[in-house]
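Under my numbering, the first residue of the sequence shown carries the number 108, and numbering increases by one thereafter.
Note that the Cβ used here is the ideal one computed from N, Cα and C, for glycine as well.
One structure is given below, encoded as structure tokens.
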Amino acid sequence: MSELTLLPEVSEFLKRQHGHFINGLPVSGKGDTFFDVVNPATEQVIAKVKEGTLAEVDAAMDAAHTAFKGGWANTTPMERGNCLNRLADLLEKHLEELAQLETLCSGKTIQLSRFLEVGSSAQFLRYFAGWATKISGETLNVSLPSFNGEKYSAFTQREPVGVVAGIIPWNFSIMISIWKLAAALTCGCTIVLKPSEFTPLTMLRVAELAKEAGIPDGVINIVNGGGREVGPALIHHPLCSKVTFTGSVPTGLAVGRSAMEGKLTRVTLELGGKNGAAFLADLPVEKIVNGIIEAGYLNQGQICAAAERFYIPSKLMDEVLAQLKTRLSAMKVGSPLDETTEMGPLANKAHYEKILGLFEKARQEGSEIIYGGQPIAGAGYFVPPTIIRAKSPDDVLMKEETFGPIGTFLSYDDEEELIEMMNSTPFGLAASLWTNDLSKAMRMISRIEAGTVWVNMHTFLDPQCHLVALSHQVLVVNLVVPLLSITQS
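As structure tokens, this is what we get:
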């Protein structure tokens, strides 16, 4: 099948001058520097975006603060929920337009852009909209009498914290933005988002739809630019009451330290992982292979919760790798705008070069590359889905986060060895356990040192559930319901 023809509105949007979205309007900005938006499938520049400056950060923060003080915090919960529902309706109405824009910027397949980036975002908006009328405080039964012996009552009341600064990664630019802004708006907060400079376009369009949905000017603002100037300016801004960041562990730790300096700004970090998937010997090989592909190769492995370490029973390892190689070699890697493509390019050149460097590290270390492990010739940041058989748990690809389509495999002989290897990571974000024996699964999951443990599935996120890291090196990660608490005081 040939590539999709771009919608006229997508082509027209790309031709526009792009900058920021502040106080309900597209804004060019005062700076004179532009950065390129590159299609990772073709390496072609598809748009130029004005680099944000301190002037745009100030304007966005002022607009958000004015909107917060000027009425959004006091808007009825019903109306806040209605606004989010209307925005969800508009996301679905413009689903194909937004999906095509996202695919052009990030390289994820058009099917994934439709389903996860846009479709799932609309569902999350509706979920949060339902919460708007259900946020409440508590009445407390006090334990001690007052100083003069009288009885008294106590109660808590939830209050929005103010202006939230959201720093967004490039792997899911719409969905993660929606997680952050929906929680903030539900609670009566306003928000300033900084998308990744690799994927800056789609949220500009979503912000326009938010205005169409009746969300007041200044409630949602977008400032585009690099992390070295715009990010720190948002974090340190005197009007910023809360920082929410999604990205790498080193950057996240720096953001956390920075937010705590000076005025102890509230901060929530969703960071990376080196997640393990363990398959028990009672499973048929076909089910193991299906689970590996589900856990490790979705969106080219560019998901913080994706599995990168795979543990297979020794007696099944050779057959599993042989069948997996057959499946992955048949996977269609190509244009993400082709409906039949199963895997697109890596999202940007810097990440592509990082993955190529990891391939070289594996070779130098003597790991066995079963399949893949090299660039695909031609334009675009393409690599094949890769299978690497590690020599030991200390191999670099068993330790270092790859964030790419690389599955690294080790065999095990017994449960104790498996648990020890599963826990041999400082990350502790997520893991999965695959077995037909539910009683064994229930016994083992409490021994796996990860904040989230899936059984017979991986990377599925439900808005009702927490996503929490359990590690001495990674700060707590929260998803959805906890976000309602951390955008209130």
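Is there contact here, the segment 140-150 with the segment 309-321, by at least three beta-carbon pairs under 8 Å? no
Go to residue 418, then tell me how far its beta strand (DSSP E) extends in each direction, as first and last residue. 414-420
What are the boundary residues of the alpha helix (DSSP H) that residue 430 is part of? 424-436
Pair every Cβ in the segment 379-397 with every Cβ in the segment 517-537, then say whether three or more of these pairs are closer than 8 Å. yes
To test your reading of the DSSP string, which unbroken beta strand (DSSP E) runs of 3 or more residues are found completely within the segment 280-362? 297-301, 327-329 and 347-353
Simplified DSSP state of residue 176, which is helix, strand or coil: helix
Assuming residue 348 and residue 268 make a contact with CB atoms under 8 Å, what is their CB distance in whole Å? 4 Å
Is it a yes or a no for the segment 198-207 touching the segment 426-442, going by three-plus beta-carbon pairs under 8 Å? no
With a threshold of 8 Å, are at least 3 pairs of Cβ atoms found where one atom belongs to the segment 499-514 and the other to the segment 458-468? yes
Option in 337, 241, 444 and 282 with minimal Cα separation from residue 228: 282
Using 10 angstroms around the beta-carbon of residue 221, count the other beta-carbons present and answer buried if the total reaches 16, otherwise exposed. buried
7 Å CB neighbourhood of residue 427 in its chain, flanking five on each side removed: 392, 395, 396 and 419
In three-state DSSP terms, what is residue 397? helix
Tell me, which residues are paired with residue 154 by DSSP? 144
Return helix, strand or coil for residue 238, following the three-state DSSP convention. helix
Taking all protein chains shown into account, do 16 or more other C-beta atoms lie within 10 angstroms of the C-beta of residue 213, making it buried, or fewer, making it exposed? buried
Return yes when the Cβ of residue 277 is within less than 8 Å of the Cβ of residue 231, no when it is not. no
Exposure of residue 297, with buried meaning 16 or more beta-carbon neighbours within 10 Å: buried
Distance, residue 126 Cα to residue 120 Cα: 12 Å
Report the rounded CA-to-CA distance for residue 178 versus residue 242, giving the unit in angstroms. 18 Å
Thinking C-beta only, is residue 371 closer than 8 Å to residue 356? no
Which complete beta strand (DSSP E) runs does the segment 432-504 hold, if anything under 3 residues is left out? 475-478 and 493-496
Apply the 10 Å Cβ neighbour rule to residue 581 and answer buried if 16 or more other Cβ atoms are within range, or exposed otherwise. For residue 581, the predicted model reports a pLDDT of 35, less than 50, meaning its position is unreliable; a value from the coordinates is still stated below. The residue in question, residue 581, is buried, as its Cβ has 16 or more Cβ neighbours within 10 Å.
For my contact list, residue 461 and residue 488 are in at a C-beta cut-off of 8 Å; report their separation, rounded to the angstrom. At roughly 11 Å, the Cβ-Cβ gap does not stay under 8 Å, so residue 461 and residue 488 are not in contact.
Quick check for students: name the residue ranges of the alpha helix (DSSP H) that lie wholly in the segment 188-252, counting only runs of 4 or more. 202-213 and 228-238
Run of the alpha helix (DSSP H) containing residue 508, from where it starts to where it stops: Careful: residue 508 lies outside any alpha helix (DSSP H) and carries neither H nor E.
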